Amino acid sequence: MAIEALAAVGAAVQILKTLYEYYNIHKRNKALLDILESFSANVEIAFERLKAREDMLSLGQNDALASIERDFTNAKNWLVANDKNLRSVWTALQAADKLKDLDDRLTKAFASKMSIAIFTALQDTRAGVIKIQTTLEGLPTNLSDVCRTSTKEAIHEAISELKQEAYAAVGGSDGRDRGFRNGEAEKIISQLVDQLAEQERIKEDEELLFEAGYAPLEPTKPSPVPYTPASSSASRRSSQYIPASVPSDLDNPFEPSSSRASSISSRRPYSSSLRSSTLVESDNESLATVSRAKGKEPLYKVPNDLVLLSAKDASTGTDLIDPILASDGNIYDRWSLVESSTTPDASLRIVGNVVQLRDVLFTSFPERRAIFEQRRRDFERKTLDLYASASYNDLPRLAHHLSHVLLFDATSVSLRVRRGLVYYRLRFLQEALVDLNEGVQRAEESGEARIDVLRARALVLEELHDTDASLRDVEAVLSTESNDVLCLSLRASLRGNTGDTAAAQADLAATNTAIRSGKVYRSKLGDSDCDLEYLARGWAYSVVRDFAAAAADFGFSANLRNPPDPYATACHALAKLKDEEARGVLSSETIATTGIQLDDAIERIRKVALSTAEASGDRSFTTSGAPVFRVQRDEGLPPAVFPTLLLRASARATQGEFELALHDFETAMRLRPACVRDAPNLRCALAELRVMCGDREGAEREFDLAMAAAAGKEQRADVLAQRRQHGL
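With full-length UniProt numbering, the residue at position 227 of the sequence shown is 227, and numbering never jumps.
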């Protein structure tokens, strides 16, 4: 067994011994005995799971396993430090509460980290198989098929065992009579089982691809089982590769506290790297390897006499300046794929940098090093210039360029934040969250300021309706920069949506004070995204029903982009309509103007999506890995249009056009990305539209969904009040 696993087992044994001692001391207190029995049962289950996975966990470095060892050691140390308190100082009720808290935290952390540790072991196995398959190139095909078949059977067997083990942990038909007595742990393990089923489906798809004669070389971004159930980062992102590590700085201290809320870091997905060939490594991988080797030679290296030197690009025949491996298995010059409008293969993507070949090229052709460095600098400068001046029409091209820059400058936090905001504007919300999670993690590792990446992530999380996570990021920023208009506005919206209008208005007053005093926080990335601050403040004013102020902020935000941003323009049009309605002076001219502006905004988003889709053909990703707009068959509208459709639905409902409003609302909900959570206010609005259209049965279903999405007593009370108002 790995040293970390042995240490974890040792700590678990010590915890059990201590708990049995407390059991003998407190025999007369049933409540405390129940806690001790539950705690000891959970620790025994952890002990058995560690022993059952001895062979798998003994292979390679496993940071998740090391993190488990630290958790058990911290728990043991806490018990030792508080031994006197638990024996005689604390009352039985206090001791029970402290131990229950420690049990909950330790159980939840073990359930999530153990799954990641096992996934890591599986990933190491797959990486080894990939290297074997790479070595087998040129040998008889049947030998390669044997390896693939063996790999397929081994992975399916491992997945089946993991599913059975996960079910056993929560009890049930495949489990023991006892199991985790913690509701959150059951949710985590249920998510693990769901993800295992998804992994199995992906492996089946992969086998079909192998049978067709080609294999996917680059996976999509993975999502580990999160620490906290239903976190926004738990939105499933399928991949055949699994996170490789759990950074040690994400460990939570295990001293029980009165607050059970998970830390901000609990929802960060962990980055993974792909080593599909010993000749290829991405810049991410280079950084990690150099960091571990502390300046020594890279750990994964092929002897120089095995490097097949090709100084020409595979497609154009031009000199190789910056060699990369593409998903078709050929080596290209980076710039032939960056600058070319057409590619040899519609599914072609950059897998990684052929670092060793590049070094040999520079040795053979020293003049190419200067060209290599200059081209990278020039492309990054042009990309940043485009970012500063980009309109909505330029955003797909900008996302593509930023993705290319990040392929050779993967450690840049500022570039990752910029791409995350571009994805946000295009409503690639899942990709935006992945970038910003990565940015937060890299900022922590490098010691850089996290304010810009946290405020951007709060904006994306708010769009995903993950209000708790968004509020945590907002509070983290405001604890350092109290005059950040974006975060103050987001907090005002979040508070207003929960019914705390007074606190929301106080936050809006704080934004006005900061603006008048000239002490507004300015992003280190420049003012290119300051329109989002006024957009967020417009939302906040809308929540407190000050539509005149909202219209002013929306209009200012829209005009900061040239041409005006379509979504901000739509928000401005709706706010003006709502303002006149609130004042009782709604005019036919305003109704007509609002309809035209909303239609134009939707059409502009649709045209950008169509032009991008036509230029990309059947591609789902560009060569850089940036996602491509896909236009749905549903009326030819892209998913990016869903929030603007909701605005038009609201405007049409205000005008009394309930059938058209319901059509827009239903279309928006169909186009809504899967990562966006249900929100009770949206479901209630849809229910009211169904009532207006005579669909009372459909309205009842919507109110049921609203009740399921409600987060607290206040929201549930609001849903019930609206439901009773319509007699449902």
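By construction, the Cβ of each residue, glycine as well, lies at the ideal position given by its N, Cα and C atoms. Since the structure is predicted, the reported quantities are computational estimates derived from the model, not experimental observations.
Query	Result
First through last residue of the beta strand (DSSP E) which encompasses A326	P323 to A326
Within 8 Å, strictly: CB atoms of L646 and A679	no
DSSP beta-bridge partners of Y332	I324
Whole-angstrom distance between T654 and T585, CA atom to CA atom	Note that residue 585 is Val in the sequence shown here, rather than Thr. Approximately 13 Å, taken between the alpha carbons.
Euclidean distance between Cα positions of E657 and C693	10 Å
Residue environment, D565, which counts as buried when at least 16 other CB atoms sit within 10 Å	buried
8 Å Cβ cutoff met for R427 and L402	no
Cβ neighbours of A711 in the same chain (closer than 6 Å, five flanking residues each side left out)	none
Stretch-stretch touch, CB-based, cutoff 8 Å, three pairs: the segment 324-334 with the segment 348-355	yes
Cβ pair W539, S470 closer than 8 Å	no
Cutoff 6 Å; reference L454; Cβ partners in own chain excluding five residues on either side	D473, A476 and V477
Cα-Cα separation between D527 and V338, rounded to whole angstroms	28 Å
Backbone CA spacing between A575 and Y423 [nearest angstrom]	25 Å
R516 classed as buried or exposed, judged by whether at least 16 other C-beta atoms fall within 10 angstroms	exposed
Helix, strand or coil at D546 [DSSP, three-state]	coil
L395: first and last residue of the uninterrupted alpha helix (DSSP H) it sits in	L395 to F408
Runs of alpha helix (DSSP H) wholly within the segment 546-573 (minimum 4 residues, chain order)	547-559
Buried/exposed call for I331, threshold 16 Cβ in 10 Å	buried
Validate contact between the segment 407-417 and the segment 445-460 using beta carbons, cut 8 Å, 3 pairs	yes
Segment contact flag, the segment 699-719 with the segment 683-690, C-beta cutoff 8 Å, min 3 pairs	yes
Same chain, Cβ closer than 6 Å to L433, neighbours up to 5 away in sequence not counted	V460
Exposure of N74, with buried meaning 16 or more beta-carbon neighbours within 10 Å	buried
Option nearest V520 by Cα separation, candidates P673, E481 and Q505	E481
Those residues which DSSP pairs with D63 across a bridge	D63 pairs with nothing; no bridge assigned.
Residue range of the alpha helix (DSSP H) that includes P643	F642 to T654
The alpha helix (DSSP H) enclosing H663, as first and last residue numbers	F658 to L671
6 Å CB neighbourhood of E697 in its chain, flanking five on each side removed	none
Beta-carbon gap between L106 and D71 smaller than 8 Å	yes
Sheet register partners of P366 (DSSP bridge)	DSSP output for P366 lists no bridge partner at all.
Reference I593, options L577, V608 and I605, closest by Cα	Checking the sequence shown, residue 593 turns out to be Thr, not Ile. It is L577.
E467, enclosing alpha helix (DSSP H) - first and last residue	Checking the sequence shown, residue 467 turns out to be Thr, not Glu. From DSSP, the alpha helix (DSSP H) with T467 extends over T467 to L478.
Closest Cα partner of T644 within the set F665, G636, P627 and E659	F665
Cα-Cα separation, V170 to D319	Because the pLDDT at V170 is just 48, under 50, the model does not fix this residue reliably, and the value given afterwards should be weighed accordingly. Approximately 59 Å, taken between the alpha carbons.
Sequence-distant residues of its chain with Cβ nearer than 6 Å to A390 (five each side left out)	L398
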